[in-house]
Structure formats: structure tokens, C-alpha cells
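Heads up, the thing below is written out as C-alpha cells.
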Amino acid sequence: MNERLSRAEFWRLTLLGTLAFLAVWYLARLLHLAPPQFLPMPHEVLLRLVDLFHTPFAGHVLVDHMLASLGRFAMGFGLAALVGVPLGLMMGWFGWLDDIVSPLFDSLRFIAPVAWVPFAALWFGTGIGGPTLIIFAGAFPPCLINAYRGAKNVDIRFLEAASMLGVGNFRTISEVLFPAAVPSIIAGLRIGAGLGWMSLVGAELIVASSGMGNLIVRAQSAVATDIVMAGMLAIGAVGVVIDILIRRIETMLLKHRQS
Amino acid sequence: MAWLIGRKARQVGVGLGTVLIVAVLWHLSTGVFGWISPARFPRPDEALKAFQFIQAEGYGNGRLLQHVLHSLMLVAKGFAVAVAVGVPLGLLMGYSRRAEAFLNPAFLLLRPIPPLAWIPLAIVWLGLDDGSKILVIFVAAFVPSVINSYTGVRNIETPMMEAAQMLGVKGWRLVREVLVPGSLPMIFTGLRLSLQASWTTLVAAELIGALYGLGSILNQAAQDIYPAMILVAMVCVGVCGASTTWLLGQIEARAMPWRKGRVAE
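Protein chains in written order, with my numbering: chain A, 556 to 814; chain B, 11 to 275.
Shown next as C-alpha cells:
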């Protein structure tokens, strides 16, 4: 394996890589490989992104689209975490629950979250209920699986100590299994948030009438490629912010445990 | 050992029992008591009828087998290209810190964008044909392939790399005898994630617009408000996802015979 790069070398190559990426993009335009309406130049995309903050597109400015999306996301992801994590922990503790839930869960696991779109629309409409179900379908499996694995991997000595001290089922789960499973649970929440965010975009592309997915699909039908790309960047950025927030929560929880 | 067998038998028994109870509940709540309106969820016999209908007469431009094969073919193409490009790229970025520093900026920009967000762009560029679907599947499967191959190489133990270096193993031989075997478990983890992402994006892309494919059945059935057909299509999506994942698991087991007996799933 190569040696570590010096700081200067690393930044030189990073800068070079960035320039090469932009150069390819600009060249594709300058050499007329793609017509302007299909491939806007990078600075045009950035300007459009700034522009979207105060010029409404598809009925709202960008911040309102973000808030609509985040509201749905919070509902779906919150529900997935609130159901998935406790259920996963309980499945890790009660063998009979594991035996009952696992076959049902396994038979639903392989259905892609967006395949729930038709039923979601049929059952809960296209406003907030339908997309919530789709986000839930995306975020739920990792929340459950990781909590379950975390609970299964708890050191058996802790469980023996707990049972010897006469700790009941509920307190064993909340005071032994949960704290020990926190790293695994947080990892599951991060994966779940990523998949949930992606499912949200899918739901909004197909059924919703607002939100960031709706923004880019409307831009697509208007063949406004710069808005599509600006929207993609904004969606990516929000995803990164969500991930950072969850990691913050993890550091807070772990610090709390150490003190 | 007897305890293990007992546990296994109990698991299978409870599993079968659960499935049976759900089936009975389904029948009772939709058919017998009518708690759930047939406009929201189909009765078992309706689902069966829809299945026979799409098998024999076809629905949404084709019979079931045509749709399934069409979707499978698109996933296979997009997935294969993504793996063929992504795995070598990940190995390179893992091996060479220079390559990593050079390629990372573009990768960091593209990585956080969910694959489904590429669908509108793919449609603008390539229309509603197969090309745009292959493009979005490629994007979806590419990122996990790169990241996991990269991690795989980085996790090869230093003594192994040093031994290879000392023995003068270079070039193609280094790739074939050290980098690939050393990172194979992680590569397969990446492939499994890539495959799941492929199915998700394909279904979404077909829901938005397609002539054939499982997503197009879903879309057609949603427009016709035909819950039984929605159910049939969803089951097919699940079966396709599960069977391709199973196939990948078989390849994984054959590719790493030295790990026999301790395969995780």
C-alpha cells in the first residue's frame, strides 16, 4: 500500500481532481457535445440553486419545498425508529417474538420501498400519509435489524448479572440491552435515514404535489435541466445534514453513558 | 445438538403458524367479514385471479413473464456495468492514496445524491426508454460497489501488503492474488447493497414511465385502481429481489470457498 501523502501533496491532488472534474464538464459544453438545455454549466447550476431560494418554482421557493419534504421525512422516519428500535430490542430478548415476527419481516424485506407507492396512495392519499408509509417502508428494516443485532450481541454476563439481581423483562430491555446496543442502533438509524430520504424522493417523484422530489420532476417536464441539477444538489445536501445530526446524537448519547 | 434441532424445528413451526394465521386473518377480514373494503385490499381469490389473468392474458402491454424478464434484464445490465466500473475504481482508490485524493472531490459531490433523484435527469437526457433506466440503475449500484471495494482494500492487514511488497508482487498479480481475495468479503457486501439499490431504482423509474416491467404493472394497476394486480406486482418485486439476492449469495459462497462454514447469512 502506498505511503500516506503529505498534506501539501493531498491538497494538490484534491485541487487537481476538482479542476479535472469541472474541466470535463465545461469541455463537454464548449466542444458542443451536449446542447445547453440538457447540460448546463456548473456555475449556471450553482446560480440557479441560489436563485431557487427566492424565486418560486413549482409553486414554492426552495426552502418551502425542503420543509414539506422534511415534514414527511420526520413523520416516516420517526415512526420507523419508534416502532423498529423497540421491536428489534424486544425480538432480541423474547425468543417467541423473534420466531413470530421474523418470517413476516423476511417476506416483506425484499419488496423495494417504492413498490408501496400504489397502496400508499390508495390507503393514505398523496398528501402526507402516503409518502409517510413509503419512508417508513424504507427506513424501518435497518432500524429493526440493527437494534435486534445489537441486542443479540450483548455480553451474556450482563444479562446473567441482571437476571441474578432479579431485574424484570422491561428493565432488562431498557437498562441493559438498550444502552449496550446504542452504537448498533445508531448505525441502523443512519442507514435507515439514508434509505428513508431516498424513498421520500421516490414518493415525491411519483405522487406528491410538493417537496423536493416534486420540484425536480416538475423541472424535468419543463426540460429545465439546471433546476433538476440544482434540486439534486439540494437533496444531497439535506441528506448530508440529516446524517450529521444523527451522528451528533450518537456522540451525545455515548458521552452521557461515559459520565 | 438436539437442543439446536429443537430450536430450529420450533422456529419453522412458529413461522409456518404465523404465515397461516396471517393468511386466515386476510381471508376473514377481506372476504368473510368485510372489515377491509375490496377497493383497498384484495381478497385472496381476487389476487389469485389477477395472477392468473396476467399470466394467461397479459396486463399492461404484456404477460407476467415478459414484464419480469424485462425488469430482470435491465437490472442485470445496469448492475453489471456498475460493478465492472465500480469495483476496479474502488480497488484503485483503496490501493493508491494519490488516486483517492484525485478522484474523491467528484465522488464526494455525487455520493450524497440519492439514486432516485437521478431519475428526472436520466429522463431529460435519455427519455423514457431502457437507456434511462440502465443509467439510473448504474448510478444506484455504482456507489456501494466503489465504497465497499475501497474499504475492503483499506482493511487488508498491513503485514499482508508488506509481504506482497517484499516479495515483489506487482501489477496484475498484485490485483489478482492480494487485493481482490483480501477485499472479497467487503466487495460482496457492496454487491448485495448495489443489487438492492438497483431494484429500488428500477421500480421507481418504471413507476414513472415505462411500457414493460414490474413497475409499469404497478403504475397501470394504480391508475386502474386494481388492488389485486398491485398486490401481484408487489409480490413479484419481492420475489425477484429475493431470488437475485439468493443467486448472489450462491456466487459469493463459490467465490470464497475458504470461508465455508462461517458465512454470515
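No residue lacks a Cβ here, since even glycine has one placed at the ideal position from N, Cα and C.
Just so it is clear, the structure is predicted and the values come from calculations on it, not from any experiment.
What are the start and end residues of the alpha helix (DSSP H) that includes residue i?
i: B:Q260; result: P237 to A265
i: A:W752; result: F733 to I761
i: B:V163; result: D140 to R164
i: A:P579; result: What sits at residue 579 of chain A in the sequence shown is Val, not Pro. Start and end: R562 to L585.
i: A:W678; result: V672 to F679
i: A:V669; result: No alpha helix (DSSP H) holds A:V669; DSSP gives it neither H nor E.
i: A:Q775; result: M767 to S776
i: A:R559; result: First-last for A:R559: undefined, no H or E at that position.
i: A:I683; result: Neither: A:I683 is in no alpha helix (DSSP H) and is coded neither H nor E.
Going by C-alpha to C-alpha distance, which of the options sits closest to residue i?
i: B:A173; options: B:P48, B:M103 and B:L184; result: B:L184
i: A:L607; options: A:A578, A:L788, A:I804 and A:S561; result: A:L788
i: A:A792; options: B:M103, B:A127 and B:A19; result: B:A127
i: A:I683; options: A:V772, A:T573, A:L808 and A:F632; result: A:F632
i: B:T168; options: B:Y105, B:A66 and B:G100; result: B:Y105
i: A:R603; options: A:T806, A:I782, A:L677 and A:A675; result: A:I782
i: A:F691; options: A:R627, A:L760 and A:A717; result: A:R627
i: A:G643; options: A:H609, A:L588 and A:R704; result: A:R704
i: B:L224; options: B:I64, B:V24 and B:G25; result: B:I64
i: A:L688; options: A:V731, A:A629 and A:G794; result: A:A629
i: B:L79; options: B:T254, B:G259 and B:I261; result: B:T254
i: B:M239; options: B:L221, B:L74 and B:G219; result: B:L74
i: B:A263; options: B:I133, B:A132, B:P195 and B:Q21; result: B:P195
i: B:A265; options: B:D234, B:F198, B:M176 and B:G162; result: B:F198
i: B:I166; options: B:T40, B:L177, B:P122 and B:S193; result: B:S193
i: B:G68; options: B:T161, B:L118, B:L221 and B:G181; result: B:L221
i: B:R50; options: B:A232, B:S142 and B:L119; result: B:A232
i: A:A553; options: B:V34, B:A66, B:R121 and B:I218; result: Residue 553 of chain A falls outside the range modelled here, since chain A spans only 556 to 814, and no answer is possible.
Between residue i and residue j, what straight-line distance do the alpha-carbon atoms span, to the nearest angstrom?
i: B:G70; j: B:W268; result: 47 Å
i: A:A575; j: A:V616; result: 33 Å
i: A:T569; j: A:V656; result: 48 Å
i: A:P738; j: B:L38; result: 42 Å
i: A:Y581; j: A:P597; result: 8 Å
i: A:F674; j: B:S204; result: 26 Å
i: B:E275; j: B:N158; result: Confidence in B:E275 is poor, its pLDDT being 41 and thus under 50, which makes the residue's placement too unreliable to answer from.
i: B:G88; j: B:I144; result: 5 Å
i: B:V91; j: A:H811; result: 46 Å
i: B:E187; j: B:M171; result: 11 Å
i: B:L84; j: A:L800; result: 36 Å
i: A:L755; j: A:F612; result: 19 Å
i: A:A578; j: A:L601; result: 16 Å
i: B:M11; j: B:R17; result: At B:M11, the pLDDT of 46 sits below 50, so the modelled position is not reliable and the matter cannot be decided from this model.
i: A:R773; j: B:V42; result: 44 Å
i: B:E216; j: A:L622; result: 27 Å
i: B:C250; j: B:L241; result: 14 Å
Just to confirm, is the Cβ distance from residue i to residue j under 8 Å?
i: B:A207; j: B:P125; result: yes
i: A:A758; j: B:V213; result: no
i: A:R559; j: B:R108; result: no
i: A:L760; j: B:I147; result: no
i: B:A116; j: A:F565; result: no
i: A:A736; j: A:T727; result: no
i: A:S561; j: A:G766; result: no
i: A:G751; j: A:A694; result: yes
i: A:G794; j: A:I771; result: no
i: B:P52; j: B:P237; result: yes
i: B:L189; j: B:L101; result: yes
i: A:L699; j: A:G647; result: no
i: B:W36; j: B:P48; result: no
Exercise. At a cut of 8 Å, does the segment 626 to 646 of chain A reach the segment 743 to 762 of chain A through at least three beta carbon pairs?
Worked result: Output reads yes: the segment 743 to 762 of chain A touches the segment 626 to 646 of chain A.
For this session: Say whether the segment 646 to 666 of chain A touches the segment 25 to 39 of chain B, bearing in mind that this needs 3 or more beta-carbon pairs closer than 8 Å, one atom from each stretch.
Result: For the pair of segments examined, the segment 646 to 666 of chain A was found to touch the segment 25 to 39 of chain B: the number of CB pairs separated by less than 8 Å reaches three.
Exercise. Is the segment 708 to 724 of chain A in contact with the segment 776 to 788 of chain A, if contact means three or more CB pairs nearer than 8 Å?
Worked result: Using a Cβ-Cβ distance cut-off of 8 Å, the segment 708 to 724 of chain A and the segment 776 to 788 of chain A are not in contact, since fewer than three pairs of beta carbons, one from each stretch, lie closer than that value.
Exercise. For the segment 137 to 155 of chain B against the segment 95 to 102 of chain B, are there 3 or more C-beta pairs whose distance is under 8 Å?
Worked result: Contact between the segment 137 to 155 of chain B and the segment 95 to 102 of chain B is present, because at least three Cβ pairs lie under 8 Å.
Problem set entry | Contact between the segment 216 to 230 of chain B and the segment 54 to 63 of chain B (3+ Cβ pairs under 8 Å) | Judged by Cβ distances under 8 Å, the segment 216 to 230 of chain B makes no contact with the segment 54 to 63 of chain B, as fewer than three pairs qualify.
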